[in-house]
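First comes the structure, then the notes that go with it.
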Amino acid sequence: MLRYSTLERRGLGVAKLSNEIRRSDSQPSGDYEPLNEGCEAHWEVVERMLFLYAKLNPGQGYVQGMNEIIGPIYHTFATDPNSEYRQHAEADCFFCFTNLMSEIRDFFIRTLDETESGINYMMNRLCDCVKKNGPQVWHRMEVQELKPQYYSFRWITLLLSQEFSLPDVERLWDSLFADPMRFDFLIYICCAMILLVEDSLLKGDFASNVKLLQNFPPMDVSLILNRAVEISHR
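Quick note: the sequence shown uses my numbering, first residue 1406, plus one each step.
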């Protein structure tokens, strides 16, 4: 069974899926039991899916960060309570991953940065949203020249998968993907995150504000989602 604890983190994101099985509480951290013959570690399954995606999409290939997109999807299928469904986790994950990438692939293609589907366009939309809903904090960030590239590039490109713990990412994605205008809602979520730390941003200098946004503080994601819904109705 793949558990939250078996998704190792490097920095902020889910960087490696392991098949960790502790022998005992006294066993030193980092020891692993060998897999049974014919079994694969979860990271091997994810690696194969990413390799296959790159081969099927030679114009794009593999881009750093795609592992952060596929990780939560695979975890959802690999931990399904129905054992029969878990057997098809790889196929189901690959199907969902390729469909999601068809919607966000332009975020990963540099030549499309300035198009309406590119990442720069999305970051500019976020700035406009913050300006409309939080003019004070927008002005503060403008004065400090705190550009959205310093923090929101990762937020948007990786759909916030590096900013929160895995359970929170899955909760955010549940609401995000349920919205037919999901990428509008992504902008509202990002705007809500900024507004929820507005007081700290108004008091902080450039360095502390960059650090705050690049290492977003732990927070109940329900607060973020509720604020995002409020913004969407304005």
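Even glycine gets a Cβ: it sits at the ideal position worked out from N, Cα and C. If you're wondering where the values come from, they're calculated on a predicted model, not measured in any experiment.
Assigned exposure category for residue i - 16 Cβ within 10 Å defines buried
i: Y1556; result: buried
i: L1394; result: For residue 1394 there is no data in the structure shown, the boundaries of the chain being 1406 and 1639.
i: A1494; result: buried
i: F1611; result: exposed
i: E1473; result: buried
i: M1598; result: buried
i: S1410; result: Legend: pLDDT at S1410 = 49, less than 50; position of this residue unreliable, no value from coordinates given.
i: R1515; result: exposed
i: A1496; result: exposed
i: L1628; result: exposed
i: F1500; result: exposed
i: H1447; result: buried
i: M1586; result: exposed
i: G1539; result: buried
i: A1483; result: buried
i: L1618; result: buried
i: L1644; result: The question about residue 1644 has no answer here: the residues shown for the chain are numbered 1406 through 1639.
i: N1614; result: buried
i: Q1492; result: exposed
i: L1563; result: buried
i: Q1554; result: exposed
i: L1461; result: exposed
Supposed close pair residue i, residue j - CB separation, criterion 8 Å
i: M1528; j: F1558; result: 7 Å
i: L1606; j: V1542; result: 5 Å
i: L1600; j: R1632; result: 6 Å
i: R1388; j: Q1469; result: This structure cannot speak to residue 1388, because the chain is shown only from 1406 to 1639.
i: D1584; j: V1626; result: That pair is no contact at about 15 Å.
Coil, strand or helix - residue i by DSSP
i: L1600; result: helix
i: I1514; result: coil
i: M1624; result: coil
i: S1570; result: coil
i: R1639; result: coil
i: Q1469; result: coil
i: G1609; result: coil
i: T1562; result: helix
i: D1533; result: helix
i: T1520; result: coil
i: P1540; result: helix
i: E1445; result: coil
i: P1477; result: helix
i: D1646; result: Within the shown structure, residues of the chain are numbered from 1406 to 1639, placing residue 1646 beyond reach of any answer.
i: K1552; result: coil
i: D1497; result: helix
i: L1618; result: helix
i: D1579; result: helix
i: D1589; result: helix
i: L1630; result: helix
i: T1503; result: helix
i: N1487; result: coil
i: S1557; result: helix
i: N1462; result: coil
*Please confirm if the region 1536-1554 is in contact with the region 1449-1462, defined as three or more CB-CB distances below 8 Å between the two stretches.*
no
*the region 1623-1638 contacting the region 1590-1598, beta-carbon criterion three pairs below 8 Å*: yes
*Looking at C-beta atoms only, is the number of pairs between the region 1524-1540 and the region 1465-1485 that lie closer than 8 Å three or more?*
no
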